[in-house]
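Okay, so here's the structure we're looking at.
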Amino acid sequence: GESVGLHLPTLSVQEGDNSIINCAYSNSASDYFIWYKQESGKGPQFIIDIRSNMDKRQGQRVTVLLNKTVKHLSLQIAATQPGDSAVYFCAEDGGMDSSYKLIFGSGTRLLVRP
Amino acid sequence: DGGITQSPKYLFRKEGQNVTLSCEQNLNHDAMYWYRQDPGQGLRLIYYSQIVNDFQKGDIAEGYSVSREKKESFPLTVTSAQKNPTAFYLCASSTLGSQGEKLFFGSGTQLSVL
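Chains as they are written, first to last, in the numbering used here: chain W, 42 to 155; chain Z, 129 to 242.
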């Protein structure tokens, strides 16, 4: 079946550096993609989203890039801070066949070294 | 404050017991969802509801039941048929759109077996 996966389970970065978290998706019918941040013992928090008619979207210190040709999604965090340490999930809507319900990847843990 | 509230934060279940997790939202969202999260893994959909008095099974509905008697409330019952209930349970809500929509999550309930 269709699935969302992540390339790296754990990413360690130096404070102040930029972070890039990658995500591969396999459902070409997916129209909507979203990134969440989850701290230990808490619910996921929305970071940024993007629809398939765009290839880049920027927020505050975060940028999401969508490459539909290779079915790849990435989250870039500028000037990574200790408070960015968390697990990051990407999700896709799966298209009409899944009634546009979000399908989540398994997550990447971001560790920020002081 | 608008949001989605889950209770209790921690819940313990004895052998053969049914337990109910509460989820309430005041965001006026039509759709509500229950996800299960196991350690180090992503979110798996248990049940979802797009309208009052109607709900659909997700990917792992066996051993669980739900009701949607009010728009604001979507309680989840973990029945004795669920043999491995220990997990972190997340409730979410969203507006209903023609395509994928952002989910707003509660803070979660950690269920453990005594």
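Cβ coordinates follow ideal geometry from the N, Cα and C atoms, glycine included.
Which residues DSSP lists as bridging residue i, in chain order
i             : result
residue 198/Z : 201/Z
residue 89/W  : 76/W
residue 144/W : 133/W
residue 190/Z : Looking at the DSSP assignment, residue 190/Z forms no beta bridge with any residue, so it has no partner.
residue 151/W : 52/W and 127/W
Proximal residues to residue i (C-beta, below 6 Å), its chain only, five neighbours per side dropped
i             : result
residue 187/Z : 172 and 173
residue 64/W  : 47, 114, 131 and 146
residue 128/W : 79, 148 and 150
residue 242/Z : 140 and 142
Reduced DSSP category for residue i - H, G, I as helix; E, B as strand; rest coil
i             : result
residue 137/W : helix
residue 158/Z : coil
residue 125/W : helix
residue 182/Z : strand
residue 145/Z : coil
residue 231/Z : coil
residue 214/Z : coil
residue 110/W : coil
residue 116/W : strand
residue 177/Z : strand
Residues near residue i by beta carbon distance below 8 Å, same chain, minus five either side
i             : result
residue 142/W : 134 and 135
residue 139/Z : 147, 149, 237, 238, 239 and 240
residue 90/W  : 73, 74, 75, 76, 98 and 105
residue 54/W  : 60, 121, 151, 152, 153 and 154
Own chain, CB closer than 7 Å to residue i, minus 5 neighbours either side, in chain order
i             : result
residue 50/W  : 149 and 150
residue 109/W : 93
Distance CB(residue i)-CB(residue j) smaller than 8 Å
i             : j             : result
residue 149/Z : residue 169/Z : no
residue 180/Z : residue 196/Z : yes
residue 96/W  : residue 107/W : yes
residue 224/Z : residue 182/Z : no
**Asked** Got a sec: which bits of the region 64-81 of chain W sit with their beta carbon under 9 Å from any beta carbon on chain Z, in order along the chain?
**Response** So the list reads 71, 72, 73, 74, 75, 77 and 79, given in the order they occur along the chain.
**Near-chain W residues of the region 164-181 of chain Z (beta-carbon distance less than 9 Å), N- to C-terminal order** = Listed by position along the chain: 165, 168, 169, 170, 171, 172, 173, 176 and 178.
**Message:** Output needed in chain order: residues of the region 224-236 of chain Z with a Cβ under 9 Å from some Cβ in chain W.
**Reply:** Listed by position, the residues of the region 224-236 of chain Z near chain W (Cβ gap below 9 Å) are 225, 226, 227, 228, 229, 230, 231, 232, 233, 234, 235 and 236.
**Where the region 190-219 of chain Z meets chain W: residues whose CB sits under 7 Å from a CB there** = Listed by position, the residues of the region 190-219 of chain Z near chain W (Cβ gap below 7 Å) are 218.
**Request:** Output, in sequence order along the chain, the residues in the region 95-118 of chain W whose CB is closer than 7 Å to any CB in chain Z.
**Result:** Within the region 95-118 of chain W, no residue qualifies.
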